[in-house]
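Structure, as structure tokens:
In my numbering, the protein residues as written are 2 to 487.
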């Protein structure tokens, strides 16, 4: 084994942004421990025998959490670059996140290397005016070793490859070709409205999830985000069906993005040429999007039940169909009424819905969701394997999923840096095979989440990837590590 020459620390999904809560409420901040992050950056920046590099691999700030000038309204992309730059400077100098930016300033001042990568929640960082604002808030000076990769590139570092990971998430692929055109127009002060279509997932967050979060504060903390998100959101707020259908018009084409190969997504410009979901009418985008998640018949039945729920009818729950998406449908369908039932204290109706909700939660978060050596979303592990199999890389590092991973496979090692944002964990007892134990735990859990008493279920599990590298660029050792409180 060679001698250690360079230490690399990879963090991602910091999600700095959003309105702080009042009087103990969560507000719209997914990241609630900025001082802890600042302490971590300070600690790794202390002088040592090797050079140091900090890589922030995407979703550094969260523009999707930033309200517009109208309170309670969000936008999937801030098209005005000056407003985006102003918001960045406010986050850096006038918010609870100031300590993080100050720690990054100090890290650069100590002559360490800072590398920043674009994610899908901070696309605006790539705008020329916002990049200038970023340089200002970091107090970048000549001689500072700072690199920002914002054009869709991955970061190749010896035999390690690092990227955010949204490239393999069909709802959150960034159309970098159109983003480059937008930046080109911005740089010349030319009209640019509507040039860049934000990812479908960004519209989902800004137009649906954020408004729902005003009532259900946990909605963006449950991970992983998979095909169940649409039926759950629709069940939470059936009256949002028109808005969700608008978003579905953007989500539906995403279904066809797919992958040419495990590590090579279909280009967005090619997606429109591919066939839609078999058997579904492309003129019905919501049915098409739901159909991709749960199948055509399930989707149509789900929409019919939502329509009945909007008319105030009590929809019965049938547990005969044991498929995962049917379970999600049955359980999630009742979540909005659970809020009202729990508030009213009507134990009978609530009790009848607990089995369905239990199935839904088990489908969303299983026993292995937070298991570091297991990837519950195979697309990311498959992409990492394919990248390593090409021969150049032994280590592939992603973020994006918020779930830390360290998996050795036949071609190398897949690492996921996790998140410094909060996560919500379904209580283990809810997942118990013992019906009595699970039902009692679920009864309490439902009452708590419907009343936004979340502290018991919120997990802060800050992780990072550490790559120890030799002078020739080879990784000597690479692991996911937990930050230890200082």
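Quick reminder that beta carbons are idealized off the backbone N, C-alpha and C, glycines included.
The structure displayed is predicted, hence computed values, not measured ones.
Residue 8 is bridged by DSSP to 53 and 469. If you look at residue 114, you'll find it in the beta strand (DSSP E) that goes 114 to 118. The alpha-carbon of residue 446 is positioned some 25 Å away from that of residue 206. Excluding the 5 residues flanking it on each side, residue 89 has same chain C-beta neighbours closer than 7 Å at 62, 131, 134, 135 and 138, in chain order. From the listed residues 455, 466, 423 and 413, the smallest Cα separation to residue 160 is found for 413.
Where residue 41 is concerned, the enclosing alpha helix (DSSP H) starts and stops at 35 to 45. Under the three-state reduction of DSSP, residue 381 is assigned to helix. Rounded to the nearest whole angstrom, the C-alpha separation of residue 116 and residue 124 is 16 Å. The C-beta separation of residue 46 from residue 30 comes to about 25 Å, leaving the pair out of contact by the 8 Å criterion. Restricting attention to alpha helix (DSSP H) runs no shorter than 4 residues, the region 126 to 178 encloses them at 129 to 138, ordered along the chain.
With contacts defined as CB atoms closer than 8 Å, residue 459 and residue 483 fail to qualify as a contacting pair. Ranking 467, 241 and 158 by CA distance to the CA of residue 11 puts 467 first.
Membership of residue 417 in the beta strand (DSSP E) is indicated by the continuous run 413 to 417. Residue range 82 to 94 is occupied by the alpha helix (DSSP H) that includes residue 92. Judged by DSSP secondary structure, residue 202 falls within the alpha helix (DSSP H) whose first and last residues are 201 to 205. Just so you know, the alpha carbons of residue 187 and residue 266 end up roughly 28 Å apart.
Remark: three or more beta-carbon pairs, one from each stretch, lie closer than 8 Å, so the region 164 to 183 and the region 371 to 388 are flagged as touching. Residue 151 is positioned such that its CB atom lies no closer than 8 Å to that of residue 185. Residue 66 sits in a helix when the DSSP states are folded into three classes. Comparing alpha-carbon positions, the option among 27, 23 and 32 lying closest to residue 403 turns out to be 32.
Only buried fits residue 476, as 16 or more other CB atoms lie within 10 angstroms of its CB.
Here the C-alpha atom of residue 222 lies approximately 34 Å from the C-alpha atom of residue 193.
With a 10 Å radius around the Cβ and a threshold of 16 neighbouring Cβ atoms, residue 376 comes out buried.
For a cut-off of 8 Å, the C-beta gap from residue 58 to residue 418 is around 6 Å, short enough to register as a contact. Shown here, residue 464 sits in a strand according to DSSP, grouped into three states.
Inclusion of residue 400 and residue 81 in the CB contact set at 8 Å is not warranted, their separation being larger than that value. According to the DSSP assignment, residue 109 belongs to no beta strand (DSSP E) but to the alpha helix (DSSP H) extending over 99 to 110. Just measuring C-alpha positions, the residue of 219, 211, 263 and 262 sitting nearest residue 244 is 211. For residue 286, the number of other beta carbons within 10 angstroms of its own is at least 16, and it is reported as buried.
A buried status is given to residue 464, since no fewer than 16 other beta-carbon atoms sit within 10 Å of its beta-carbon. Taking each of 56, 444, 428 and 40 in turn and checking the Cα distance to residue 363, the smallest one comes out for 428. Within the same chain, 46 come within 6 Å of residue 111 by CB-CB distance, once the 5 residues on both sides are set aside.
In the three-state scheme derived from DSSP, where H, G and I count as helix and E and B as strand, residue 210 is classed as helix.
In the DSSP assignment, residue 406 falls within the unbroken beta strand (DSSP E) covering 406 to 410.
Residue environment: residue 74 is assigned as exposed (fewer than 16 neighbouring CB atoms within 10 Å of its CB, all protein chains considered). Note that the C-beta distance between residue 163 and residue 56 is below 8 Å.
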